[in-house]
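Peer 1:
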Amino acid sequence: MNRPQNISKKDFQLLQEKYSNLDDVINKINNGYPIQYLIGNVDFYGYLIKVNPNVLIPRFETEGLVEKTIDYIKKMDLCNASVLDIGTGSGCISIVLKKELPSLEVTAIDKSRLAIRTAKNNGKLNKVDINFISKDLFKFNLVNNYDVIISNPPYISPGDKVSDELKYEPYNAIYVLGNPLKYYEEIFKIGNKVLNEKYLIALEIDEDQGNNLKRLAKKYYSNAKIILDKDLAGKDRYLFIINE
Ligand SMILES: C[S@@+](CC[C@H](N)C(=O)[O-])C[C@H]1O[C@@H](n2cnc3c(N)ncnc32)[C@H](O)[C@@H]1O
Numbered sequence: 261m262n263r264p265q266n267i268s269k270k271d272f273q274l275l276q277e278k279y280s281n282l283d284d285v286i287n288k289i290n291n292g293y294p295i296q297y298l299i300g301n302v303d304f305y306g307y308l309i310k311v312n313p314n315v316l317i318p319r320f321e322t323e324g325l326v327e328k329t330i331d332y333i334k335k336m337d338l339c340n341a342s343v344l345d346i347g348t349g350s351g352c353i354s355i356v357l358k359k360e361l362p363s364l365e366v367t368a369i370d371k372s373r374l375a376i377r378t379a380k381n382n383g384k385l386n387k388v389d390i391n392f393i394s395k396d397l398f399k400f401n402l403v404n405n406y407d408v409i410i411s412n413p414p415y416i417s418p419g420d421k422v423s424d425e426l427k428y429e430p431y432n433a434i435y436v437l438g439n440p441l442k443y444y445e446e447i448f449k450i451g452n453k454v455l456n457e458k459y460l461i462a463l464e465i466d467e468d469q470g471n472n473l474k475r476l477a478k479k480y481y482s483n484a485k486i487i488l489d490k491d492l493a494g495k496d497r498y499l500f501i502i503n504e
């Protein structure tokens, strides 16, 4: 079979290695099914992360969140810090942090047991020791303290216009019902309970939510530095809350 135009040479080769009959596979891709689920893994920040329909496919923007967070952790001298990753999904954020800064102690939670199972497998695959826990953020009762909270929570409202591909990814990883900022507000409340005096909160956000979120963050962290940051496309995609 010849390679269809919409599939890269590398991806086509991976699919050929994995599937004996490519007709069904190509049909699925042409109907918008994510090629990453068919291949079964992605490269995230140079690390192999297995993906399946129980987890969100790690995005390019999230690599930006990780990169900027690593910079802040280094600048703030937090390389031995205790990190909490909320809504870990495939585990991609935690795994890169632990690979790049091995002295970090990383705990990662997700409400989805199936996501946590995938994250644990990815942890093993990448040979990192991370505490992956199945836990609902709205029923948070961990007693430890942390120096860094990082999260890419669900932030899309069901009515929002989104690309077709999203319909194959887990609904609960993407959509937020009711107040679109409710995950962030809960993270702010958790942060107020568990963060040590010197801290960093690193969040991925929707490009239209920046100013509203900044206002909300000020309500909970009136003395902290609150920084809205852009992705490579120049869109407001990250919020950092810093107390040094
Ligand atoms: C946007 S995905 C992010 C996944 C991964 N961190 C990433 O950046 O690719 C949001 C994650 O939050 C999880 N989640 C949704 N509601 C949650 C809740 N109430 N408590 C904990 N995790 C939740 C979803 O299962 C999903 O894995």
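In this note's numbering, the protein residues as written are 261 to 504. All C-beta atoms in this analysis are idealised placements derived from N, C-alpha and C, irrespective of residue type, glycine included. Bear in mind the structure is a predicted one, so any value in this text is a computation, not a measurement.
CB I230 to CB L361, shorter than 8 Å?
Peer 2: Residue coverage of the chain in this structure runs from 261 to 504, which leaves residue 230 outside it and unanswerable.
Peer 1: For D396 and L402, what's the separation of their Cα atoms in angstroms?
Peer 2: 11 Å
Peer 1: At a threshold of 7 Å, does V315 count as lining ligand 1 (C-beta to nearest heavy atom)?
Peer 2: yes
Peer 1: Does ligand 1 have a heavy atom nearer than 7 Å to the CB of D420?
Peer 2: no
Peer 1: In whole angstroms, give me the CA-to-CA distance for P414 and N432.
Peer 2: Answer to the nearest angstrom: the Cα atoms are 7 Å apart.
Peer 1: DSSP state of F400, grouped into three classes?
Peer 2: Reduced to three states, the DSSP call for F400 is coil.
Peer 1: Given F483, which residues of its chain have a CB within under 8 Å of its CB, disregarding the five upstream and five downstream residues?
Peer 2: Looking at the sequence shown, residue 483 is not Phe but Asn. These residues qualify, in order along the chain: N503.
Peer 1: To the nearest angstrom, how far is it from the Cα of S342 to the Cα of N314?
Peer 2: 27 Å
Peer 1: Using 7 Å as the cut-off, classify the Cβ of G349 as near or not near the heavy atoms of ligand 1, replying yes or no.
Peer 2: yes
Peer 1: Over the uninterrupted beta strand (DSSP E) stretch that includes E457, give me the two end residues.
Peer 2: 455 to 464
Peer 1: Checking 8 Å against the spacing of the C-beta atoms, do V436 and I416 come in under that value?
Peer 2: yes
Peer 1: To which residues of the same chain is L520 closer than 7 Å at the C-beta, ignoring the five residues directly before and after it?
Peer 2: In the structure as shown, the chain starts at 261 and stops at 504, and residue 520 therefore has no counterpart that could be examined.
Peer 1: How many Å lie between I293 and R373 at the Cα?
Peer 2: Inspection of the sequence shows that residue 293 is occupied by Tyr rather than by Ile. Their Cα atoms are separated by approximately 23 Å.
Peer 1: Checking the sheet assignment: what are the DSSP bridge partners for F500?
Peer 2: A462, I487
Peer 1: Mapping DSSP to helix, strand and coil, what is T329?
Peer 2: helix
Peer 1: With DSSP as the reference, please indicate the residues paired to Y406 in a beta bridge.
Peer 2: L455
Peer 1: With respect to the alpha helix (DSSP H) encompassing Y305, which residues constitute its N-terminal and C-terminal limits?
Peer 2: Looking at the DSSP string, Y305 is not in any alpha helix (DSSP H), and its letter there is neither H nor E.
Peer 1: Quick one: Cα of K421 to Cα of Y406, how far?
Peer 2: 36 Å
Peer 1: Give me the Cα-Cα distance between L488 and L476, rounded to the nearest whole angstrom.
Peer 2: 13 Å
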